[in-house]
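Heads up: the structure comes next, in structure tokens.
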Amino acid sequence: MKFAFEKKETAQIVVVFAGTKDNELVLSPPAAKFDRLSKKRISTAANAARFKGGASSVVTIHSPANGVDICLLVGVGEMSKINGDVIERAAAAAAKAVLTLGPSDMLIKLDGWGKFASGENAARAAFGVGLASYRFDKYRTKLKAEQKPKLENIVVDVEAAKNEFVHYSALLDGVSFARDLSNEPANILNPPEFAARLRELSALGIEVTVLGEQEMLALGMGSFLGVGQGSIYPSQLVVMKYNGGADEKPLALVGKGLCFDSGGISLKPSGGMEAMKGDMGGAAAVSGAMLAIAKRKAKANVVGLVGLSENMADGNAQRPGDIVTSMSGQTIEVLNTDAEGRLVLCDVLTYAQEKFDPSCVIDVATLTGAIVISLGSEYAGIFSNNDAMADKVFKSGTISGEKVWRMPLAPAYDKLIDSPTADMKNVVQSGPGAGAGSITAAQFLQRFIKDGMAWVHVDIAGTAMKPIGDDPREPTWGTGFGVRLFDRLIKDHFEG
Ligand code: BES
Ligand code: MN
Ligand code: ZN
32 MKFAFEKKET
42 AQIVVVFAGT
52 KDNELVLSPP
62 AAKFDRLSKK
72 RISTAANAAR
82 FKGGASSVVT
92 IHSPANGVDI
102 CLLVGVGEMS
112 KINGDVIERA
122 AAAAAKAVLT
132 LGPSDMLIKL
142 DGWGKFASGE
152 NAARAAFGVG
162 LASYRFDKYR
172 TKLKAEQKPK
182 LENIVVDVEA
192 AKNEFVHYSA
202 LLDGVSFARD
212 LSNEPANILN
222 PPEFAARLRE
232 LSALGIEVTV
242 LGEQEMLALG
252 MGSFLGVGQG
262 SIYPSQLVVM
272 KYNGGADEKP
282 LALVGKGLCF
292 DSGGISLKPS
302 GGMEAMKGDM
312 GGAAAVSGAM
322 LAIAKRKAKA
332 NVVGLVGLSE
342 NMADGNAQRP
352 GDIVTSMSGQ
362 TIEVLNTDAE
372 GRLVLCDVLT
382 YAQEKFDPSC
392 VIDVATLTGA
402 IVISLGSEYA
412 GIFSNNDAMA
422 DKVFKSGTIS
432 GEKVWRMPLA
442 PAYDKLIDSP
452 TADMKNVVQS
462 GPGAGAGSIT
472 AAQFLQRFIK
482 DGMAWVHVDI
492 AGTAMKPIGD
502 DPREPTWGTG
512 FGVRLFDRLI
522 KDHFEG
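Here it is, written out as structure tokens:
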């Protein structure tokens, strides 16, 4: 897909916007102009469709005027609430409506719409089209021509967006990379294959190091290694170092990368188990964010670490009741082999802090089913020991459209994971004190955070993958959630 930002009058597909004020339709000036040009065909179609400018609703008008094949009138909702996120989603809705139709050239008309036609908004319109056009068709060998995307050339008529789009173009590549990783099935994307794909990031100036099981054993990562013990594939710890900043401590991003989570001996029910090919969504988010910041040459130091493993039921698999020793020296009683994400993350968190002395650690993981019960697939859950950092992540979520909601941590929850036989247990069994599964998982991770280290844990079990739904920016099951959030956080708070 090609993007350009220049003045242009017409194209095969013309996209214009409209909002709502006092429950009435308000055409943007470019929409009003096109309405006059088409002898009121736009407003007539809007009335017939009872279109009031509702956010991301689309009216399609065929052959409206001089040579235009399709005009899309797209709603942006309440005029007072228009922002980059709204414009991005509206443009994505437009792209979704015409992606596989005949025409290949689209013109998005924003110029003349006052403050709404900013370079930032125009770049985000293009970004929205890019997000909506993402496909994962590599295993569909029988697609007919009319099922394949035709949309190819996108022009937004705001020249000032050219610079802003350099950033969003890199971000689009990062999101697509994360989505590809999530959508890929586990028979293809096993830990060594995942590591091989990350090695290629070195072409972007990222220093990539892969630690194998021998090296992890030498480091004492007994907790991480126990998880992959039943798999035919060796676990891998991939470190991606990007130094774009001055001589400052790095931000560490740590991702859970379970290429498949069967639950292990605490086997999951078979219904829906296929979704656990996406249990590497945290690792995908970290990888995509690294790709994006390296491509756009962010002025920040960031180290990404992903713990890649496969949790299988096997003669050599770890058993419920096993006690493992983590790299931190703390021992863990593994009461449920399906609470494996925390077992991987705790060693990677220890390694990240000891090896890189970061200014802040953020981990991201499809960690608990409980966060899906709490927040569904709209918001990811965040947990933090640092109010200022939690605020920054929250704000980055609002701006990027990848929303997060803060959940509590407290000593009373921490106490629940004490074990009579080891330093801690990896789950709270049913009975009094059970429940709050996302919080006790976060409490577990916090036991591996050094005193004074700013830390945020992001639970993306509900947002990293979901059935294709309403949001036109998420056209496949794997959403790539986290890439936009981290990119925004780095841009606004870690670049000097
Ligand atoms: N990978 C799962 C969590 C998950 C569930 C991710 C649904 C995405 C969608 C995790 O490893 C897991 O199995 N968690 C258990 C923990 C329990 C055994 C304490 C859970 O949430 O049920
Ligand atoms: Mn599990
Ligand atoms: Zn898991």
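The numbering of the sequence shown is my numbering, which starts it at 32 and goes up by one. We put the beta carbon where it would ideally sit given N, CA and C, even for glycine. Every value quoted in this text rests on a predicted model; they were computed, and no experiment measured them.
With DSSP run on the structure shown, which of helix, strand or coil describes residue i?
i, result
"Asn457", "coil"
"Asp292", "strand"
"Arg504", "coil"
"Phe82", "coil"
"Ala148", "helix"
"Gln267", "strand"
"Ile404", "helix"
"Ala331", "coil"
"Thr381", "helix"
"Ile430", "helix"
"Glu215", "coil"
"Arg437", "strand"
"Leu202", "helix"
"Met110", "helix"
"Asp136", "strand"
"Leu194", "Strictly speaking, residue 194 in this sequence is Asn, with Leu absent from that position. If DSSP states are grouped into helix, strand and coil, Asn194 belongs with the helices."
"Val285", "strand"
"Lys71", "coil"
"Val375", "helix"
"Val105", "strand"
"Ile448", "coil"
Tell me the rounded alpha-carbon separation between residue i and residue j.
i, j, result
"Lys330", "Tyr199", "16 Å"
"Leu284", "Met271", "10 Å"
"Val107", "Ile118", "7 Å"
"Cys290", "Asp445", "29 Å"
"Gly490", "Pro223", "The sequence as given places Asp at residue 490; Gly does not occur at that position. Distance between the alpha carbons of Asp490 and Pro223: 25 Å."
"Met311", "Met420", "24 Å"
"Glu55", "Ala153", "25 Å"
"Arg327", "Thr510", "21 Å"
"Pro180", "Asp168", "10 Å"
"Phe425", "Val189", "30 Å"
"Trp144", "Phe208", "34 Å"
"Arg228", "Ala401", "31 Å"
"Gln349", "Phe387", "30 Å"
"Gly98", "Ala42", "8 Å"
"Asp422", "Gly412", "13 Å"
"Val435", "Val403", "13 Å"
"Lys456", "Thr368", "11 Å"
"Ile237", "Glu364", "37 Å"
"Trp508", "Arg171", "15 Å"
"Ala316", "Lys71", "46 Å"
"Phe48", "Ala148", "11 Å"
Less than 8 Å between the CB atoms is what I'm expecting for residue i and residue j, so what's the real figure, rounded?
i, j, result
"Ser318", "Gly335", "7 Å"
"Thr397", "Gly309", "7 Å"
"Arg166", "Pro506", "7 Å"
"Ala277", "Gly527", "6 Å"
"Val6", "Leu339", "Nothing about residue 6 can be read from this structure; the chain reaches only from 32 to 527."
"Ser69", "Ala96", "4 Å"
"Leu141", "Ile44", "Not a contact, Cβ separation roughly 15 Å."
"Glu151", "Glu195", "5 Å"
"Glu409", "Gly513", "With a Cβ gap of about 15 Å, Glu409 and Gly513 do not count as contacting."
What does a CB cutoff of less than 6 Å around residue i pick up in its chain, not counting 5 residues either side in sequence?
i, result
"Leu162", "Ala123 and Arg504"
"Met252", "Met358 and Asp378"
"Leu202", "Ala323 and Asp518"
"Val90", "Ala76, Ala77, Ala80, Phe82 and Leu104"
"Lys173", "none"
"Ile393", "Leu284 and Val487"
"Val160", "Ala122, Ala126 and Ile185"
"Asp418", "none"
"Val258", "Ser340, Asn342, Glu371, Leu374 and Val375"
"Gly288", "Met311, Ala314, Val337, Gly338 and Leu339"
Quick one: residues in its chain with C-beta nearer than 8 Å to the C-beta of residue i, no 5 flanking neighbours on either side, listed in chain order?
i, result
"Leu440", "Phe414, Ser415, Asn416, Ile470, Ala473, Gln474 and Gln477"
"Gly85", "Thr51, Gly106 and Gly108"
"Pro389", "Lys280, Pro281, Leu282, Ala283, Val334, Ala383 and Met484"
"Lys33", "Glu183, Asn184 and Ile185"
"Glu177", "Thr131"
"Ser164", "Met32, Ala126, Leu130, Pro180, Leu182 and Pro506"
Under 7 Å Cβ to Cβ from residue i, same chain only, skipping five residues before and after it: list those, please.
i, result
"Ser220", "Inspection of the sequence shows that residue 220 is occupied by Leu rather than by Ser. Only Leu212 and Cys290 meet the Cβ criterion."
"Ala344", "Gly261, Ser293, Gly295, Ile296 and Leu298"
"Ser233", "Val239"
"Met110", "Gly50, Thr51, Lys52 and Val57"
"Lys112", "none"
Who's in the neighbourhood of the ligand ZN, going by beta-carbon under 6 Å from any heavy atom, listed in chain order?
-> Leu289, Asp292, Asp310, Glu371 and Gly372
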